[in-house]
Amino acid sequence: MDRPQVSGQSDKVGKVEEEVYLRWTSPSRLFKPRNREFFTNIGAIVFLLMVILVFAREFALIAAVLGVVFFIYVTSTVPPEDVEHRLTNLGLDSAGHFYRWEEFVEFWFEEQWNQGHIVLRPIFGPLVQVLLGKENREKVRAIIAKHVPYREEPQKSWVDNAATWLSEKVPLENQTS
3 MDRPQVSGQS
13 DKVGKVEEEV
23 YLRWTSPSRL
33 FKPRNREFFT
43 NIGAIVFLLM
53 VILVFAREFA
63 LIAAVLGVVF
73 FIYVTSTVPP
83 EDVEHRLTNL
93 GLDSAGHFYR
103 WEEFVEFWFE
113 EQWNQGHIVL
123 RPIFGPLVQV
133 LLGKENREKV
143 RAIIAKHVPY
153 REEPQKSWVD
163 NAATWLSEKV
173 PLENQTS
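Here it is as structure tokens:
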């Protein structure tokens, strides 16, 4: 049941008004169009893996591998949509998901495929990554650093190091393409 409004009474008792510091749009995810060489190499690797899995009678694993290959194909051929990001006094609003500043432990910047992005580490859960698009990195850093500690270089786990080593030793396409 609605309460009658008394003159001078406000609905915003105890609420903090949201103030937008910065707003920009960027693609929703990293994207790099892949060439024929990439898909040929993936196909060769998957074919060899399928032969091994058929002899081992691991049909459920075959289905899982085919699902991963389909995912790689779709994300490599379908460009991402543009989404809006907002930095406010309360937190980060990215593509319709709101994250309070208190949820984050630290943040840093990364560059991949000539696309800069912010990486925020929450207390719990996966990393939050937001592409910068054409937005000024220093402007974004200054705003977020008021609320979340900035880290120049993130800590690398053994998985990060192994992935970097593997991608250098077994490239799926030429670096010049």
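Using my numbering, the letters of the sequence shown map in sequence onto residues 3 to 179. Glycine included, C-beta positions come from ideal geometry on N, C-alpha and C.
My output table needs one value for residue i: the three-state DSSP class, helix, strand or coil.
i, result
"GLY127", "coil"
"ARG25", "strand"
"PHE41", "helix"
"GLY135", "coil"
"SER169", "helix"
"ARG143", "helix"
"TRP115", "coil"
"GLY98", "coil"
"GLU105", "helix"
"LEU32", "coil"
In angstroms with no decimal places, state the Cα-to-Cα distance between residue i and residue j.
i, j, result
"LEU133", "TRP167", "25 Å"
"ALA66", "ALA144", "43 Å"
"PHE100", "THR27", "15 Å"
"GLN117", "PHE73", "21 Å"
"TRP160", "LYS17", "44 Å"
"SER169", "ILE44", "13 Å"
"TYR112", "GLY69", "The residue you asked about is not Tyr; residue 112 is Glu in the sequence shown. The alpha-carbon atoms of GLU112 and GLY69 are separated by roughly 28 Å."
"LEU94", "TYR23", "10 Å"
"LEU51", "THR42", "14 Å"
"PRO156", "ASP162", "11 Å"
"ALA164", "LYS158", "10 Å"
"PHE152", "ARG139", "The sequence shown places Tyr at residue 152, rather than the Phe named in the question. Each residue's Cα considered, the two are about 13 Å apart."
"LYS171", "ILE54", "23 Å"
At the 7 Å Cβ level, is residue i part of the contact set with chain D, yes or no?
i, result
"THR166", "The structure shown contains no chain D; it holds only a single protein chain."
CB residue i to CB residue j, shorter than 7 Å?
i, j, result
"SER96", "ARG36", "no"
"GLN114", "LEU32", "yes"
"ARG25", "ARG102", "no"
"HIS119", "GLN131", "yes"
"VAL48", "VAL76", "no"
Going by beta carbon distance, what residues of the same chain come within less than 6 Å of residue i, once the five residues before and after it are set aside?
i, result
"LEU92", "GLU20"
"ILE146", "PHE109"
"GLU137", "TRP26"
CB-CB under 8 Å to residue i, same chain, minus the five flanking residues each way: which ones, in chain order?
i, result
"LEU129", "VAL121, LEU122, ARG123"
"GLU154", "TRP110"
"VAL142", "LEU24, LEU89, ILE120, LEU134"
"GLY98", "VAL85"
Quick one: what's got a C-beta closer than 7 Å to residue i's C-beta in the same chain, skipping five residues either side?
i, result
"LYS34", "TRP115"
Counting beta carbon pairs with one atom in the stretch 50-65 and one in the stretch 111-131, are three or more of them shorter than 8 Å? Cβ pair count under 8 Å is below three, so no.
Count the C-beta pairs between the stretch 105-115 and the stretch 79-86 that are closer than 8 Å, then say yes if the count reaches three, no if not. No: the two stretches stay apart, fewer than three of their Cβ pairs being nearer than 8 Å.
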